[in-house]
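Chemist:
Number of protein chains: 2
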Amino acid sequence: MRPAICRLAAPVLIAVFVVALGAAPNVGADEGMWLLDQIPKLDQAKLKAEGLELTPEQIWNTADGTGLASAVVWLGGCTASFVSPDGLIVTNHHCAFPAAQYNSTPENNLIDKGFLASDRDHELPSPGSHAYVLEGFEDVTQKVLAAVPEGADDTARFKAVEGVIKRIVKQCEAGGNLRCRVAAMWGGLSYVLYRQLDIRDVRLVHIPAEGIGNFGGDIDNWMWPRHDGDYAFLRAYVGPDGKPADYSKNNVPFRPKRYLRISDRGIARDSLTLLLGYPGRTMRYRTSFAVQEAEEIRYPENIRLLGEAIHTLEQQSKASPAAAIKNASAIKYMNNGMKNNQGMVDGLRSSHLLESKRRDEAELMKWIQADPVRAARFGRVLPEIGAIYKAELANARRDLVLRFMYRTSRLLSVANTLLKLSEQRAKPDLEREPGYMERNLPRQRHRLMRLQRSLDVPSDHAVLRLMLLEASKLPADQRIEALDDLLFKAGGDPAKEVDTFLDTLYAGTRLQDEDFRMSLFDAPRADVVGSGDSMIKLALALEPLREANRTREQRVEGALSRLRPLYVQALHEYRGGILYPDANSTMRFNYGTVSGYQPRDAVRYFWMTSLHGVLEKDTGVPPFNSPQALLEAARTTEPSPYLDNSIKDVPVDFLATLDSTGGNSGSPVMNGAGELIGLLFDGNYESMASDWRFDPVLTRSIMVDIRYVFWNLDRVYHADRLIREMGDPFRTLQH
Amino acid sequence: MRPAICRLAAPVLIAVFVVALGAAPNVGADEGMWLLDQIPKLDQAKLKAEGLELTPEQIWNTADGTGLASAVVWLGGCTASFVSPDGLIVTNHHCAFPAAQYNSTPENNLIDKGFLASDRDHELPSPGSHAYVLEGFEDVTQKVLAAVPEGADDTARFKAVEGVIKRIVKQCEAGGNLRCRVAAMWGGLSYVLYRQLDIRDVRLVHIPAEGIGNFGGDIDNWMWPRHDGDYAFLRAYVGPDGKPADYSKNNVPFRPKRYLRISDRGIARDSLTLLLGYPGRTMRYRTSFAVQEAEEIRYPENIRLLGEAIHTLEQQSKASPAAAIKNASAIKYMNNGMKNNQGMVDGLRSSHLLESKRRDEAELMKWIQADPVRAARFGRVLPEIGAIYKAELANARRDLVLRFMYRTSRLLSVANTLLKLSEQRAKPDLEREPGYMERNLPRQRHRLMRLQRSLDVPSDHAVLRLMLLEASKLPADQRIEALDDLLFKAGGDPAKEVDTFLDTLYAGTRLQDEDFRMSLFDAPRADVVGSGDSMIKLALALEPLREANRTREQRVEGALSRLRPLYVQALHEYRGGILYPDANSTMRFNYGTVSGYQPRDAVRYFWMTSLHGVLEKDTGVPPFNSPQALLEAARTTEPSPYLDNSIKDVPVDFLATLDSTGGNSGSPVMNGAGELIGLLFDGNYESMASDWRFDPVLTRSIMVDIRYVFWNLDRVYHADRLIREMGDPFRTLQH
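Top to bottom, those sequences are chains W and R.
Heads up: the first sequence begins at 1 in the numbering used here, then just goes up one per residue.
Heads up: the second sequence begins at 1001 in the numbering used here, then just goes up one per residue.
1) Using alpha carbons as the reference points, say which of W:R425, W:Y231, W:L110 lies closest to L124 of chain W.
2) Give a yes or no on whether 8 Å exceeds the smallest Cβ distance from R604 of chain W to chain R.
3) Pick out whichever of W:S351, W:D230, W:A541 has its Cα sitting closest to the Cα of L402 of chain W.
4) Considering only C-alpha positions, which residue in the set W:L42, W:D201, W:A232, W:G277 is nearest to K249 of chain W?
5) Extract the residue ranges of the alpha helix (DSSP H) inside the region 405-455 of chain W, only unbroken runs of 4 or more that lie entirely within it.
6) How should Q1101 of chain R be labelled, buried or exposed, when 16 other C-beta atoms within 10 angstroms of its C-beta is the threshold for buried?
7) Determine, using beta carbons only, whether M608 of chain W comes closer than 8 Å to chain R.
8) In the DSSP assignment, find the unbroken beta strand (DSSP E) run with W1074 of chain R in it and report its ends.
9) Anyone know if the C-beta pair for R1525 of chain R and A1415 of chain R falls short of 8 Å?
10) With the cut-off set at 8 Å, would you say G1217 of chain R and G1229 of chain R are in Cβ contact?
11) Shortest alpha-carbon distance to H227 of chain W belongs to which of W:P729, W:V709, W:M467?
12) What first and last residue would you give for the beta strand (DSSP E) that runs through L1655 of chain R?
13) Quick one: residues in its chain with C-beta nearer than 6 Å to the C-beta of A1024 of chain R, no 5 flanking neighbours on either side, listed in chain order?
14) Buried or exposed for T661 of chain W, going by 16 or more other Cβ atoms inside 10 Å?
15) Which partner residues of Q1196 of chain R appear in the DSSP bridge assignment?
16) Find out if the Cβ-Cβ distance for the pair A270 of chain W, T593 of chain W is shorter than 8 Å.
17) Using 10 angstroms around the beta-carbon of K1166 of chain R, count the other beta-carbons present and answer buried if the total reaches 16, otherwise exposed.
18) In the DSSP output, which residue or residues are listed as bridge partners for R604 of chain W?
19) Counting only C-beta atoms, is L1733 of chain R closer than 8 Å to chain W at any point?
20) For G1028 of chain R, which three-state DSSP category applies?
21) Threshold first: 4 residues or longer. Then list the alpha helix (DSSP H) segments lying entirely within the region 30-111 of chain W, N to C.
22) Would G821 of chain W and L274 of chain W qualify as a contact pair, given that the criterion is a beta-carbon distance under 8 Å?
23) Just the chain W side, please: which residues come within less than 8 Å of E1355 of chain R by C-beta, in chain order?
24) Would DSSP call E1725 of chain R helix, strand or coil?
25) Taking 8 Å as the CB-CB limit, is E1616 of chain R close to chain W?
26) Would you mind telling me which residues of chain W sit closer than 7 Å to H1612 of chain R, beta carbon to beta carbon, in chain order?
27) Taking C-beta to C-beta, are W60 of chain W and I702 of chain W nearer than 8 Å?
28) Where does M1535 of chain R sit, in a helix, a strand or coil, going by DSSP?
29) Please report the distance separating the alpha-carbon of A1236 of chain R from that of P1253 of chain R.
30) Three Cβ pairs or more, each shorter than 8 Å: is that satisfied between the region 543-560 of chain W and the region 357-367 of chain W?
31) Quick one: list the residues of chain W neighbouring P1225 of chain R, beta-carbon separation under 9 Å, in chain order.
32) Taking the alpha carbon of L1204 of chain R as the point to measure from, which residue in R:P1098, R:P1668, R:A1490, R:L1430 has its own alpha carbon closest?
33) From R:R1377, R:G1128, R:P1544, R:E1301, pick the residue whose C-alpha is nearest to that of A1396 of chain R; which is it?
34) Is the beta carbon of P279 of chain W sitting closer than 8 Å to the one on A583 of chain W?
35) Is the distance from the Cβ of I1303 of chain R to the Cβ of M1338 of chain R below 8 Å?
36) Assuming A1232 of chain R and H1093 of chain R make a contact with CB atoms under 8 Å, what is their CB distance in whole Å?
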């Protein structure tokens, strides 16, 4: 599945910039994650010939809510869309997974058996879930760049940009109910302010059994052919006044400006598809230095550490059903990350991207140096970027282990958050780190409360043990000194030292206790430090290194925000054409065609899977365990409005040449008329390195066919209420 | 790959029977391994419409050598064919593997690097290799059945049939130079005598490097898409008088009555293909009782024991290059067997054959019992067969472990052979067990001499250890008493007992010494027993159980030779149509069309692979290590007469709907004009259970395209001598 994008800790900087139009676009047919206001600049005649029945405004206009983009919802990690006038939202199963997990107990496991609210009163709250609806955007490049003082060094530059963005956001959000973001495009060539309505009462309406919504699980993940009914329904609620509100029984369904109609026309090979969504992160304009670091160090090390952490959590999950529920989400997330990283490595290697980037950069440098004016503007850019990456290698292993400690141990992460909170809150809002500004405190509070649902202390202990053992093995020039002082200085057997230390650590912490934890949420730093909690003490000991790293990263970010725009500018002048910026969790549009592919010699993948393929894969054992109700429905031969004529069966998933990445999960995929035909939920394995380089021959996005969603609603769940609410597109209800 | 069929130890009983013709054949389009004299009874009009340009006689006539069948060679486990007037034979790489292994040393490893004889004088002898050429066949059913006395019990029946067959064979071979076989068809409904010219000087002419001829190795084995250049060339030699002779420098190439022309026409989808070969064993007429035993006990236990034995041998091979060469063939053979058995289990399960056989048998029983005459003839058949299978289960685990001891330890097997030899040779020839009759002694002698090339004593020790530990774990009612007496009676730690026992055993045997071993070959039993060799002592201790099993098996075989023909007769009267007998290593004909398949939902396999697919798979690491010469040739863009027009590349392997099994390896596959277009070397994984049931949708045979063979001869090996000898079909030589 497309990984969800975590945006909380480091709110993404955001903008729109359109490179002055050259001749024909020099990107591949379906490559491109276009900014909304780039849509009018695409070749409309070509799009019309391919089947587009809409004007650009009918796609992108969010000002009056007439564009499709107004029906698109950002869930903070996933994309979704409105499909009824009453705020009904459709997205992926895995995007509704946290809501189902929150509402599950060992006795009543909604993940396993699925859930369908019998009526609106039984739709389940999911505290901490938000739905963001785009209200508008504007270019703020001048404002941002004007804030950088003449002659600022890289750290000053970083701080100036961060500071002005915080001010712009604060001003934007002053009226309440809005969530605003400033996003840097092309690494800082331009900056765009996005205004989103922030709906904070989002409820779970329907999630199919895991044997439908996650059919194939980690085995099929990223693979084609796929047979995953990866859908779920949520609903946005607002106060009786129509404005966003915290959860309350009295809230009413949100009435969106725009919702998507369900297509009843089916899907044909080679037909046009449209995609609107929030792709998270691509690295298409990165240099060979970044490719090398990723391919040779970061991904392989991630794969290794994730593999070990997953193994450890699985052992814990085997031991207790309660731990199994609590670890499920983390295991799923980490497995996905590991497979993704493996696919990246495989893809980078097989596409020889490093070599081709080096070749391209050598040619670019030649072109730059051929002209003294260009040499003066761009001559230092590539060497400087290279020097930055080289310097970062010095502590790469140490910093990776450090990051993994916080990434895997929830209690250490909480301790760190509480310490940071107490320190940051003492400052004026605009001087705080972005994650600790007032606007983000409710989310931090929810995160800390919600932790209870996913925290298993023995599992936490086990993964932290793993990472401390990793730390014990770091080379002499990359030690984490605080840990050496606490554990390894004596020179004893590291495993014994770690076990002794952890026994004391977990005996001396109360952070797993919700009341205790939340009592520190608003406490001043003296109280947090003075609590004597052993986990907080550990976080405190590690704080100087974390802060030093942060300072270094600010300098690097400042430098890159200076260099990357120059690099893209050089590239553009060299190549011409129209360029889209790398994905950065802002809304993008792209289009593609329905199409299979040939993964290797003599193997051809058809573009659509079918219900009989579900039966073919079903073993009764997870992850290939279709619920009984599905098996029975699949075996009835009742005439069906869901059948696809070309395969004479109910279609399940399909492929298109759409350019997508993590964050696009749940995105609506539409036909040329803007009607919903499917939900994007994955990319194919062969395309994983497309985050770095789009390969039009092999890159495909994987969608669940809306007809399969409705077949499930109708034949498996008898969800007449929802079918009616979406206008009964397949005319299956009695009237 | 199709496994080679071992026929030495238990010479197959053989015959021809054609069920009186009913209406249309009730078998699937390409199902059927037809006896040669059934060919005229096939639908000639249909075959002609599909592209057959030959009369039945042009295919099967062996009397005057004008039929294609006279060009087909049985290598004793593999099939091959003559492709020149000078006895040049083409077969699979893996069929020439033993000849290459015999001629290899650690310093000069022909398996690894391949071999091409520079001229005839340098073609390499391969003692023990035979080439059998079919000279004729005749029905001997009356003669065989007349030998069974009225009222004989099952054991007497077995002995009478075995006795008369031995006499028929002896008479047939009396003139010398012939190898004769009597084969039972349909389990004994009819018996056929086959006369084959026995050529015993067969030399290695050319075998490509393993990185071509076994490209993909065990990973790709049984898989499609395939990129295996699975070919090799041998040559048959005879004495200056044109008659078979032992190897001698003075021998001359054999001049076959018929050899195959190489096709230069290419291959088209859906075109007709003809197959002639020696399929080893199918079980298409077996009952549900046999399916159950195979699916639930035999295959799973085989898979487990083979897996452990392979692992053990691989560990030994890692330790020394000499062991690696000696174990290579056994590992390959066992890996193939294990994957085959796994495919069988998968196929039996997924096709639900057990349930469908049970349903069919219940219907058959209903039909039998609906008529008193039928009930009297056939009513007891199925229950009796069921009772036999049930009784056999009582000692199934014990007998499997016992068999595996002899199967894996070559020294124990040799000890047993020497004991048996000395005992059997004391009897008149016609009273001996078939494997020890005079006609088979030269082969036994060769086997024992040749052993030196594949015997690694530490490996032998290691696998026997494995099997003794298995024996220690047998349940109380299935113990091998001789081993309990020798090893486990004291009740100590079995592993320790086994190690102590084996240390003594291997210290006390000299059978690894060729001179010692061969000195016992002709020795009387008293000398063999009296040699005091510890391995012979172990074989002696196990002999009573082996003999008791043999007696039991004779009774079972006798009973089945009475029941199976009745069962097939009942089936035929019930169903009508024309039936082919199960495969039994006699020559068969079948036809099919060139065709890809759909292994699962949304996946389509194209029918042909290409040279660029070889490059795609090549990693430089075995088993994906193409030799440098191939890589260089593949990258040149020289115009090529080998290109296939539809893929604009050199074709490598292709698929057809041919019905084949182990023993068909190396079989010639011909176009409608009888020209050679490819060599069969494997079946697809999805078809492995086709030994039990032919599924026309999924069953495919895999061939190496003759154009790929010639591309290798021409561009990689520059084997102009061989190309010229085969008539330069692609006109690549300078004249």
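Here a beta-carbon is modelled for each residue, glycine too, at the ideal position from N, C-alpha and C.
Modeler: Walking through what the data contain:
1) Of the listed residues, the one whose Cα sits closest to L124 of chain W is W:L110.
2) Yes - at least one Cβ of chain R is within 8 Å of the one on R604 of chain W.
3) W:A541
4) W:D201
5) Within the region 405-455 of chain W, complete alpha helix (DSSP H) segments of at least 4 residues are found at 410-425, 441-454, given in chain order.
6) Q1101 of chain R comes out buried.
7) yes
8) 1072-1074
9) no
10) no
11) W:V709
12) 1651-1656
13) Annotation note: pLDDT 33 at A1024 of chain R (below 50); position unreliable, coordinate value reported separately. Hits under 6 Å: none found.
14) buried
15) R:L1134, R:R1179
16) According to the sequence shown, residue 270 of chain W is Asp rather than Ala. For D270 of chain W and T593 of chain W, yes; Cβs fall inside 8 Å.
17) In the assembly as shown, K1166 of chain R is a buried residue. Its beta-carbon has 16 or more other beta-carbons within 10 Å.
18) R:R1604
19) no
20) Residue placement at G1028 of chain R is flagged as unreliable, the pLDDT there being 37, under the threshold of 50; the coordinate-derived value follows with that caveat. Coil, per DSSP.
21) 44-50, 56-60, 93-102
22) What the structure shows of chain W is the stretch from 1 to 735, and residue 821 of chain W is not part of that stretch, so it cannot be assessed.
23) Neighbours of E1355 of chain R on chain W: none; closest Cβ ~16 Å, over 8 Å.
24) E1725 of chain R falls in the helix class under three-state DSSP.
25) yes
26) D601
27) Taking 8 Å as the Cβ cut-off, W60 of chain W and I702 of chain W do not qualify as a contacting pair.
28) helix
29) 6 Å
30) Between the region 543-560 of chain W and the region 357-367 of chain W, the count of Cβ pairs shorter than 8 Å is below three; the stretches do not touch.
31) R600, D601, A602, V603
32) R:P1098
33) R:E1301
34) yes
35) yes
36) 5 Å
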